[in-house]
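K.L.:
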Amino acid sequence: MMKPEENYSLLQHNTFGMNVYAKLFAKFNSEETLDALANAKEWKENDPLILGGGSNILFTKNVDTLVALNQIKGIENRGGDDQYIYLRVGAGEGWHEFVMYCVANNYGGIENLSLIPGSVGAGPMQNIGAYGVELKDVFHELEAYHIKGRYFVKFRANECNFGYRESVFKNKFRNEFVISRVTFKLHKQPKLNTSYGAIEKELERMGVQELSIKAISDAVINIRSSKLPNPKVLGNAGSFFKNPVISASQHEILKLKYPDAVAYPSGEDFKLAAGWLIEQCGWKGYREGDAGVHKDQALVLVNYGSATGEDIYNLSQKVLNSVEEKFGVLLEREVNIR
Ligand SMILES: Cc1cc2nc3c(=O)[nH]c(=O)nc-3n(C[C@H](O)[C@H](O)[C@H](O)COP(=O)(O)OP(=O)(O)OC[C@H]3O[C@@H](n4cnc5c(N)ncnc54)[C@H](O)[C@@H]3O)c2cc1C
Numbered sequence: 001m002m003k004p005e006e007n008y009s010l011l012q013h014n015t016f017g018m019n020v021y022a023k024l025f026a027k028f029n030s031e032e033t034l035d036a037l038a039n040a041k042e043w044k045e046n047d048p049l050i051l052g053g054g055s056n057i058l059f060t061k062n063v064d065t066l067v068a069l070n071q072i073k074g075i076e077n078r079g080g081d082d083q084y085i086y087l088r089v090g091a092g093e094g095w096h097e098f099v100m101y102c103v104a105n106n107y108g109g110i111e112n113l114s115l116i117p118g119s120v121g122a123g124p125m126q127n128i129g130a131y132g133v134e135l136k137d138v139f140h141e142l143e144a145y146h147i148k149g150r151y152f153v154k155f156r157a158n159e160c161n162f163g164y165r166e167s168v169f170k171n172k173f174r175n176e177f178v179i180s181r182v183t184f185k186l187h188k189q190p191k192l193n194t195s196y197g198a199i200e201k202e203l204e205r206m207g208v209q210e211l212s213i214k215a216i217s218d219a220v221i222n223i224r225s226s227k228l229p230n231p232k233v234l235g236n237a238g239s240f241f242k243n244p245v246i247s248a249s250q251h252e253i254l255k256l257k258y259p260d261a262v263a264y265p266s267g268e269d270f271k272l273a274a275g276w277l278i279e280q281c282g283w284k285g286y287r288e289g290d291a292g293v294h295k296d297q298a299l300v301l302v303n304y305g306s307a308t309g310e311d312i313y314n315l316s317q318k319v320l321n322s323v324e325e326k327f328g329v330l331l332e333r334e335v336n337i338r
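At position 65 of the sequence shown (counting the first as 1) the number is 65 in the working numbering, and the numbers step up by one without a gap.
#1: Given this structure, state the Cα-to-Cα distance separating Gly-207 from Ile-199, to the nearest angstrom.
#2: How many angstroms separate the CA atom of Val-103 from the CA atom of Ala-215?
#3: Quick one, are the C-beta atoms of Phe-16 and Asn-314 less than 8 Å apart?
#4: Span of the alpha helix (DSSP H) holding Ala-36?
#5: Could you tell me whether any non-hydrogen atom of ligand 1 is closer than 7 Å to the CB of Met-125?
#6: Considering only C-alpha positions, which residue in the set Ala-26, Met-125, Gly-289 and Asp-296 is nearest to Trp-276?
#7: By the three-class DSSP mapping on this structure, what secondary structure does Ile-75 have?
#8: Can you tell me which residues form a DSSP beta bridge with Asp-269?
#9: Classify Glu-176 as helix, strand or coil using the three-state DSSP reduction.
#10: In whole angstroms, what separates the C-alpha of Ile-350 from that of Ile-213?
#11: Quick one: using the 10 Å Cβ neighbour count with 16 as the cut-off for buried, is Lys-154 buried or exposed?
#12: Just checking Val-262 against ligand 1 - is the residue's beta carbon closer than 7 Å to any of the ligand's heavy atoms?
#13: Between Arg-88 and ligand 2, is the CB less than 7 Å from at least one heavy atom?
#14: What would DSSP say about Ile-116, mapped onto helix, strand or coil?
#15: For a quick check, are the C-beta atoms of Val-168 and Val-89 less than 8 Å apart?
#16: For Ala-68, which residues does DSSP report across the bridge?
#17: Is DSSP giving Gly-328 helix, strand or coil here?
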C-alpha cells in the first residue's frame with residue numbers, strides 16, 4: 001500500500017473548484033487495497049472521508065482527516081435471463097461512462113440518467129435521479145465495507161431505504177461504509193420512459209422517428225448540456241437544494257396565495273419546485289463576490305472563480321432564510337457539506 005500523502009490539495013477532486021487541503025490523502029482500487037489502507041494507522045486514527053468525483057460535496061474548510069479516493073473499477077456480467085441482465089460495477093467507475101456502456105449494449109433503464117457526473121458508488125448514497133428515473137429502479141444489490149469493523153457486507157434494495165435523494169448511507173449509516181461495488185438489474189427489452197415533457201420535445205426537435213435507448217440518452221444529454229452549467233467552466237455541484245415535499249393541505253393553501261406555484265404530485269403529498277421558490281425570492285442570477293445563483297437555474301449555486309466554500313454556504317443560508325420567510329417552507333440542502 002502507498003503511504004497516504006500529507007497536506008494534499010483537493011482542487012482537482014471537487015466540482016465546486018475549492019482549493020482546500022486534506023490532512024491525508026490516499027487512493028484504493030480494489031477490495032484488497034482498501035482493506036490494506038484500512039489497516040494503516042492513518043485510517044484507524046482518523047475518520048476517513050470517502051470521495052468519488054466530488055460532484056456532490058461542498059468543502060467549507062480544509063479536511064482535517066484522511067480522504068480516501070475510490071478507484072475500484074470493472075463492469076462484470078453476472079448473467080440474467082431473456083428479460084434482464086445483471087451487471088456488477090466497481091464503485092469507482094464513472095457514472096456517465098457506465099450509462100454510455102449500457103446504451104452501447106442496449107441495456108435499458110438508466111438512459112434517462114445520462115450525463116450525471118460522479119462515480120457509480122456515490123449513486124446509491126442519494127439515490128440519484130433525473131427525468132422520471134431513479135437509481136433504485138434498476139438497483140439489485142451493493143457491496144460495502146464497514147470502515148471501523150473492516151468487513152464486507154451486502155445490502156439489498158429494501159435494506160437501503162431509498163427515498164427522494166435519500167438512503168441509509170446518507171443518514172443512519174453516514175460515514176460508516178465504503179460502497180465498493182453495485183449490481184444493477186437492467187432490461188434487455190427496454191421500457192422507454194419519455195414521461196418528462198422536455199424529453200418528448202427534444203426528441204421531436206431532433207426529428208427522431210424510432211424511439212430507442214440511444215435516442216433518449218442523446219435527448220437527455222442535449223437538454224442537460226443546454227441547461228446546466230459545466231463544472232469545468234463554472235464551479236457547481238448541480239442542484240444545491242432538494243425539492244421540498246409538502247402535504248396536500250399545505251399545497252392547497254399555497255396555491256390560494258400563489259396560483260402559479262410549480263408543484264408535482266408525489267404520492268399523497270406534493271413536491272414543490274425549489275427553483276421556483278428561489279426565483280420568486282429574487283435570487284436568480286444574483287452574485288455576491290464570486291459566489292452566485294446561476295442565471296438560468298436558480299437551484300444551482302455557482303463559484304465564479306475564487307469563492308470559498310464558506311461564501312457559497314453563507315449564500316445558501318440567505319437563500320434558505322428568504323424562502324422560509326416568504327413561503328414558510330424550509331429548504332434542505334442536497335449537497336453534502338464538509
Ligand atoms: C452539473 C451537475 C449536475 C448534477 N445532476 C444531478 C442529477 O441530475 N441528479 C442527481 O441525483 N445528482 C446530480 N448531481 C449531483 C452528483 O453528480 C451526484 O450526487 C453523484 O452521484 C455524486 O457522485 P460523486 O462520485 O461525485 O460523489 P462525491 O461528491 O465524491 O461524494 C458525495 C457523497 O457521497 C459519499 N461517497 C462517495 N462515494 C462513496 C462510496 N463509494 N462509498 C461511500 N460513500 C461515498 C461522499 O463521502 C460524499 O458524502 C449533479 C452534479 C453536477 C455537478
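Think of the CB as a built atom: it goes at the ideal place given N, C-alpha and C, for glycine as much as any other residue.
P.N.:
Taking the geometry as given:
#1: Roughly 12 Å separates the two Cα atoms.
#2: Cα to Cα, the separation comes out at about 9 Å.
#3: Not closer than 8 Å, so no.
#4: Here the alpha helix (DSSP H) through Ala-36 covers 31-38.
#5: Distances from the CB of Met-125 to the heavy atoms of ligand 1 include at least one below 7 Å.
#6: For Trp-276, the closest alpha carbon among the candidates Ala-26, Met-125, Gly-289 and Asp-296 is that of Asp-296.
#7: Of the three classes helix, strand and coil, the one that applies to Ile-75 here is strand, per DSSP.
#8: Paired residues: Ser-266.
#9: Glu-176 falls in the coil class under three-state DSSP.
#10: Past the boundaries of the shown model lies residue 350; the chain is included only from 1 to 338, so the question cannot be answered.
#11: Flag for Lys-154 reads exposed.
#12: No, ligand 1 has no heavy atom inside 7 Å of this Cβ.
#13: Absent from the structure shown: ligand 2. Ligands present: ligand 1.
#14: DSSP, reduced to helix, strand and coil, places Ile-116 outside both helices and strands of the structure shown, so it counts as coil.
#15: Against a cut-off of 8 Å, the Cβ pair of Val-89 and Val-168 comes out as no contact.
#16: Beta-bridge pairing links Ala-68 to Ala-26 and Ile-50.
#17: Coil at Gly-328, not helix or strand.
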